[in-house]
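Visitor: Have a look at the structure that comes next, please.
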Amino acid sequence: MHRVHRILGTGRSRVSARLPVGVIGVGALGRHHARHLATLDGVQLVGVYDADPATAARVGAEVGAPVVREVDTLLGQVKAVSVAVPTSVHAEVGLRALERGVAVLMEKPLAATLAEADALVAAAAQAGVVLHVGQIERYNRAVRAALPAVENPRYIEAERIAPYSPRGTDVSVVLDLMIHDLDLLLALTGSPAVTDVRAIGAAVLSSRLDIVNARLELPGGTVASITASRIGRHRVRRVRIYQETGYLTLDLSTGHATFLRVRPSWKRGTGTSLEEVVEEIVLEAPEGDALRLELTEFVRAARGEPNSGVTGAAGRAALDLALRVGAVVRTT
Numbered sequence: 001m002h003r004v005h006r007i008l009g010t011g012r013s014r015v016s017a018r019l020p021v022g023v024i025g026v027g028a029l030g031r032h033h034a035r036h037l038a039t040l041d042g043v044q045l046v047g048v049y050d051a052d053p054a055t056a057a058r059v060g061a062e063v064g065a066p067v068v069r070e071v072d073t074l075l076g077q078v079k080a081v082s083v084a085v086p087t088s089v090h091a092e093v094g095l096r097a098l099e100r101g102v103a104v105l106m107e108k109p110l111a112a113t114l115a116e117a118d119a120l121v122a123a124a125a126q127a128g129v130v131l132h133v134g135q136i137e138r139y140n141r142a143v144r145a146a147l148p149a150v151e152n153p154r155y156i157e158a159e160r161i162a163p164y165s166p167r168g169t170d171v172s173v174v175l176d177l178m179i180h181d182l183d184l185l186l187a188l189t190g191s192p193a194v195t196d197v198r199a200i201g202a203a204v205l206s207s208r209l210d211i212v213n214a215r216l217e218l219p220g221g222t223v224a225s226i227t228a229s230r231i232g233r234h235r236v237r238r239v240r241i242y243q244e245t246g247y248l249t250l251d252l253s254t255g256h257a258t259f260l261r262v263r264p265s266w267k268r269g270t271g272t273s274l275e276e277v278v279e280e281i282v283l284e285a286p287e288g289d290a291l292r293l294e295l296t297e298f299v300r301a302a303r304g305e306p307n308s309g310v311t312g313a314a315g316r317a318a319l320d321l322a323l324r325v326g327a328v329v330r331t332t
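In case it helps, the numbering used here puts the sequence shown at residues 1 to 332.
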């Protein structure tokens with residue numbers, strides 16, 4: 001068994017000047033943003049805001065940050081802000097920040113509609129500030145390890161299953177969960193477009209789609225089958241990538257990635273077992289919390305430093321594809 005080592009960032013920003021940042025929305029996701037920002041090198045967590053004062057007070061106490069009672073007050077004190085509010089108000093909050101020249105990390109999806117996403121991207125460009133999107137799976141250890149081995153994939157299958165929770169049901173499972181894998185599809189293939197989209201799904205425990213399977217075809221014939229469900233009993237986050245050189249398995253829950261690579265000596269039609277045809281390679285990347293890495297890249301971008309953050313344009317592309325899937329779903 002072979003091991004491939006990748007040298008990547010560790011999530012620590014070694015700079016002297018502290019960047020003043022804030023967090024808007026410190027609920028289920030935002031509290032973790034605040035927790036990491038409170039301990040990142042070179043960052044000063046100036047304050048946290050939440051529409052629920054009790055939530056803001058609790059998280060502020062947890063991370064040792066002041067509670068700010070008005071969004072505009074916080075925006076006047078920071079150079080960058082992490083936004084983790086309901087999707088329906090992403091555009092409203094994001095535009096207020098960008099128009100004040102504040103860099104924004106927006107939790108996924110970038111916005112509720114393409115028009116709102118376009119407004120955010122345009123506002124960031126006009127203000128000359130950073131707009132990143134929290135497509136956190138890009139920073140998953142399995143993805144970081146596997147990406148260099150991906151070469152002209154022919155078939156991709158992804159499965160994402162989560163237990164039911166009322167959180168997130170303000171949008172369909174496509175915008176809630178599947179958008180992670182749609183973004184990975186675009187990132188893994190480097191494709192700017194998807195030529196065909198078909199989908200089937202059902203609303204089971206909420207008024208919106210709770211389970212969806214989508215079949216997508218990309219230029220060149222690459223096909224992807226992506227399933228997302230938020231009514232499972234156990235969590236599953238898995239991606240398989242099939243290509244001429246073999247196939248990769250990414251367990252996003254554990255961060256493990258393996259590559260069954262076709263042996264260079266193998267000739268088609270020979271071999272009596274899989275072991276004679278392929279060799280198993282464990283793909284590795286440095287350990288690192290995905291959210292911490294995401295926030296580190298955002299901080300670097302806000303400072304004008306080289307970074308690998310997910311841009312507003314990339315977030316817009318993922319949203320566009322998610323909305324296309326949602327628009328063609330045939331319900332059962």
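Idealized CB from N, CA, C, for every residue including glycine.
Under 8 Å Cβ to Cβ from Arg-14, same chain only, skipping five residues before and after it: list those, please.
Guide: Within the sequence shown, numbered from 1, the residue matching residue 14 stands at position 14. Legend: pLDDT at Arg-14 = 46, less than 50; position of this residue unreliable, value from coordinates given subsequently. Around Arg-14: Asp-41 and Gly-42.
Visitor: My output table needs one value for Gln-135: the three-state DSSP class, helix, strand or coil.
Guide: Walking along the sequence shown from the start, residue 135 turns up at place 135. Gln-135 falls in the coil class under three-state DSSP.
Visitor: Out of Gly-101, His-256, Ala-61 and Gly-30, state which residue places its alpha-carbon closest to the alpha-carbon of Lys-108.
Guide: Taking the first residue of the sequence shown as position 1, residue 108 is located at position 108. Of the listed residues, the one whose Cα sits closest to Lys-108 is Gly-30.
Visitor: Would you kindly report the start and end of the unbroken beta strand (DSSP E) that includes Pro-20?
Guide: As a first step, residue 20 is located in the sequence shown; it is residue number 20 there, counting from the start. Taken as a continuous stretch (DSSP letters only), the beta strand (DSSP E) holding Pro-20 covers 19-24.
Visitor: So the alpha helix (DSSP H) Thr-272 belongs to, where does it begin and stop?
Guide: Taking the first residue of the sequence shown as 1, we reach residue 272 at position 272. From DSSP, Thr-272 is part of no alpha helix (DSSP H); its letter is neither H nor E.
Visitor: Report all residues from its chain with a CB closer than 7 Å to the CB of Pro-86; omit the five preceding and five following residues, and keep chain order.
Guide: Counting from 1 along the sequence shown, the entry for residue 86 is found at position 86. These residues qualify, in order along the chain: Asp-170.
Visitor: In the structure shown, what three-state DSSP assignment does Leu-323 receive?
Guide: Along the sequence shown, one-based indexing puts residue 323 at 323. Leu-323: helix per DSSP, three-state reduction.
Visitor: Return the first residue and the last residue of the alpha helix (DSSP H) that Pro-53 is part of.
Guide: Taking the first residue of the sequence shown as 1, we reach residue 53 at position 53. From DSSP, the alpha helix (DSSP H) with Pro-53 extends over 53-63.
Visitor: Would you say Val-89 faces chain D, with C-beta separation under 7 Å as the test?
Guide: Among the chains in the structure shown there is no chain D, since it carries only a single protein chain.
Visitor: Tell me whether the segment 310-324 and the segment 177-191 touch, counting them as touching only if at least three CB pairs, one residue from each stretch, are closer than 8 Å.
Guide: As far as the Cβ criterion goes, the segment 310-324 touches the segment 177-191, which means the pair count is three or higher.
Visitor: Using a Cβ-Cβ cut-off of 6 Å (strictly less than) and excluding sequence neighbours within five positions of Leu-250, which residues of its own chain qualify?
Guide: Here residue 250 refers to the residue found at position 250 when the sequence shown is read from its first residue. Contacts found: Ala-142, Ala-146, Val-239 and Ala-257.
Visitor: Tell me whether Ser-172 is buried or exposed, calling it buried when 16 or more other Cβ atoms sit within 10 Å of its Cβ.
Guide: The count along the sequence shown starts at 1 and reaches residue 172 at position 172. Ser-172 is buried by the Cβ-count criterion.
Visitor: What are the residues that DSSP puts in a beta bridge with Thr-311?
Guide: Counting from 1 along the sequence shown, the entry for residue 311 is found at position 311. Paired residue(s): His-132.
Visitor: For the candidate residues Arg-233, Ala-56 and Asp-52, whose alpha-carbon lies nearest to that of Gly-22?
Guide: If you number the sequence shown from 1, residue 22 lands on position 22. Selected option, being the one with the closest Cα: Ala-56.
Visitor: If you compare alpha carbons, which of Arg-144, Ala-97 and Ala-112 is closest to Ala-124?
Guide: Counted from its first residue, the sequence shown places residue 124 at position 124. For Ala-124, the nearest C-alpha among the options comes from Ala-97.
Visitor: So, does the segment 287-304 touch the segment 121-141, judging by three or more C-beta pairs under 8 Å?
Guide: Short answer: they touch.
Visitor: With 16 other CB atoms within 10 Å as the buried threshold, where does Arg-330 fall?
Guide: Position 330 of the sequence shown, counted from the first residue, corresponds to residue 330. So Arg-330 ends up on the exposed side.
Visitor: Between the C-alpha atoms of Ile-7 and Ala-290, what's the straight-line distance to the nearest angstrom?
Guide: The residue given as residue 7 occupies position 7 in the sequence shown. The residue given as residue 290 occupies position 290 in the sequence shown. Note that Ile-7 scores a pLDDT of 32, beneath 50, so its modelled location is shaky; the value from the coordinates is reported in the next line. Distance between the alpha carbons of Ile-7 and Ala-290 is about 15 Å.
Visitor: When the Cα of Asn-213 is compared with those of Pro-20, Leu-45, Ala-228 and Gly-221, which residue comes out closest?
Guide: One-based indexing of the sequence shown puts residue 213 at position 213. Here the closest residue by C-alpha is Ala-228.
Visitor: Extract the residue ranges of the beta strand (DSSP E) inside the segment 171-231, only unbroken runs of 3 or more that lie entirely within it.
Guide: Counting only runs of 3 or more, we get 196-202 and 211-217.
Visitor: Measure the Cβ-Cβ separation of Val-83 and Val-102 and say whether it is below 7 Å.
Guide: For the purposes of this step, residue 83 is taken as residue 83 along the sequence shown, with counting starting at 1. For the purposes of this step, residue 102 is taken as residue 102 along the sequence shown, with counting starting at 1. For Val-83 and Val-102, no; Cβs fall outside 7 Å.
Visitor: From which residue to which residue does the beta strand (DSSP E) around Gln-243 run?
Guide: For this step, residue 243 is matched to residue 243 along the sequence shown. Taken as a continuous stretch (DSSP letters only), the beta strand (DSSP E) holding Gln-243 covers 236-243.
Visitor: What are the boundary residues of the alpha helix (DSSP H) that Gln-126 is part of?
Guide: By 1-based counting over the sequence shown, the position of residue 126 is 126. Its alpha helix (DSSP H) spans residues 114-127.
Visitor: Measure the alpha-carbon distance for Val-4 versus Glu-151 and round it to whole angstroms.
Guide: Here residue 4 refers to the residue found at position 4 of the sequence shown. Here residue 151 refers to the residue found at position 151 of the sequence shown. Because Val-4 carries a pLDDT of 41, less than 50, the predicted location of this residue cannot be relied on, and the following value inherits that uncertainty. Their backbone Cα atoms lie some 16 Å apart in a straight line.
Visitor: When the distance is taken between beta carbons, is Arg-144 closer than 7 Å to Ser-322?
Guide: Indexing the sequence shown from 1 puts residue 322 at position 322. Indexing the sequence shown from 1 puts residue 144 at position 144. Note on identity: in this sequence residue 322 is Ala, with Ser being the wrong assignment. No; because the gap between Cβ atoms is not below 7 Å, this pair is not in contact.
Visitor: Per the DSSP calculation, Val-278 is bridged to which residue(s)?
Guide: Position 278 of the sequence shown, counting from 1, holds the residue named residue 278. Answer is Val-262, bridged to Val-278.
Visitor: What does the alpha-carbon distance come out to for the pair Arg-316 and Arg-208?
Guide: In the sequence shown, counting from the first residue as 1, residue 316 sits at position 316. In the sequence shown, counting from the first residue as 1, residue 208 sits at position 208. If you take the alpha carbons of Arg-316 and Arg-208, they lie about 22 Å apart.
Visitor: If you reduce the DSSP assignment to three classes, tell me which class Ser-253 lands in.
Guide: Looking up residue 253 in the sequence shown gives position 253. Coil, per DSSP.
Visitor: Which of helix, strand or coil does DSSP assign to Glu-70?
Guide: Taking the sequence shown and counting its residues from 1, one reaches residue 70 at position 70. If DSSP states are grouped into helix, strand and coil, Glu-70 belongs with coil.
Visitor: From what residue to what residue does the beta strand (DSSP E) around Gly-47 run?
Guide: One-based indexing of the sequence shown puts residue 47 at position 47. Residues 43-49.
Visitor: Could you name the residues that DSSP lists as bridge partners for Ala-351?
Guide: Residue 351 lies beyond the stretch modelled for the chain, which goes from 1 to 332, so this question has no answer here.
Visitor: In the DSSP assignment, what are the bridge partners of Tyr-247?
Guide: Stepping through the sequence shown from its first residue, residue 247 is reached at position 247. Tyr-247 pairs with Tyr-242 and Leu-260.
Visitor: Looking at Val-26: is its Cβ nearer than 7 Å to the Cβ of Ala-34?
Guide: One-based indexing of the sequence shown puts residue 26 at position 26. One-based indexing of the sequence shown puts residue 34 at position 34. The answer is yes: Cβ separation under 7 Å.
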